[in-house]
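Trainee:
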Amino acid sequence: MSRDLIAHNRPVYDDLHPRVYGTAAGLVGWFVLSAWILFDRQGEVELSLMFVTVLLFVAVLLPWLLSQIWRRYDHRHDPHARPIPFGEWRRGEFAVWGSTINSSHATIDMLLPLAAVAFGLTAIGIVFLICASLAP
-3 MSRDLIAHNR PVYDDLHPRV YGTAAGLVGW FVLSAWILFD RQGEVELSLM FVTVLLFVAV
57 LLPWLLSQIW RRYDHRHDPH ARPIPFGEWR RGEFAVWGST INSSHATIDM LLPLAAVAFG
117 LTAIGIVFLI CASLAP
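Residue numbers (the numbering used here): -3 to 132.
Pasting the structure below:
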């Protein structure tokens, strides 16, 4: 690991790696599955869970569709000649509002809220099931 305060000759990327998007979609799927598995009470909250599922489906589908449209009609720069490996992308820099941050930090900043919500809901659901089973 370098001890330089300023990183030299690091590539700067202006888009997230596809694995980051896949992980984000997986965390949203985890949230929906844990909500249905841990909180479905046979008709009591089924409609609410359906609305949450549709909302999150649209929240994942719309950015994906927009990225496909952007990729098709973006002619500002040439696409990369080869797919960038995740390890190489992670060691680079990520362009953010006229500045750059480490790509690993950008990934953490994007995925941490999604992971907190997905794993937090799972933990709350497990506690809810334990309390429900112990109730008289």
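Note that CB positions come from ideal geometry on N, CA and C, so glycine has one too.
Using C-beta distances below 8 Å, list every residue in its chain close to glycine 139, excluding the 5 sequence neighbours before and after it, in chain order.
Mentor: Within the shown structure, residues of the chain are numbered from -3 to 132, placing residue 139 beyond reach of any answer.
Trainee: Per DSSP, which one or two residues make a beta bridge with isoleucine 97?
Mentor: Walking along the sequence shown from the start, residue 97 turns up at place 101. Answer is Phe90, bridged to isoleucine 97.
Trainee: Would you call the region 109 to 127 and the region 42 to 58 touching, i.e. three or more CB-CB distances under 8 Å?
Mentor: As far as the Cβ criterion goes, the region 109 to 127 does not touch the region 42 to 58, which means the pair count is below three.
Trainee: Should valine 54 be labelled buried (16 or more other beta-carbon atoms within 10 Å of its own) or exposed?
Mentor: Mapped onto the sequence shown, residue 54 falls at position 58. Exposed, since its Cβ has fewer than 16 Cβ neighbours within 10 Å.
Trainee: Between the beta-carbon of isoleucine 65 and the beta-carbon of histidine 13, is there less than 8 Å?
Mentor: The sequence position of residue 65 within the sequence shown is 69, counting from 1. The sequence position of residue 13 within the sequence shown is 17, counting from 1. No, Cβ-Cβ distance for isoleucine 65 and histidine 13 is not below 8 Å.
Trainee: Suppose the cutoff is 7 Å on Cβ atoms and the five residues either side in sequence are ignored; what does the same chain contact list for aspartate 10 look like?
Mentor: Position 14 of the sequence shown, counted from the first residue, corresponds to residue 10. Ala91, listed in sequence order.
Trainee: Measure from the alpha carbon of valine 28 to the alpha carbon of each residue in Leu130, Leu117, Pro132, then state which is nearest.
Mentor: For the purposes of this step, residue 28 is taken as residue 32 along the sequence shown, with counting starting at 1. For valine 28, the nearest C-alpha among the options comes from Leu117.
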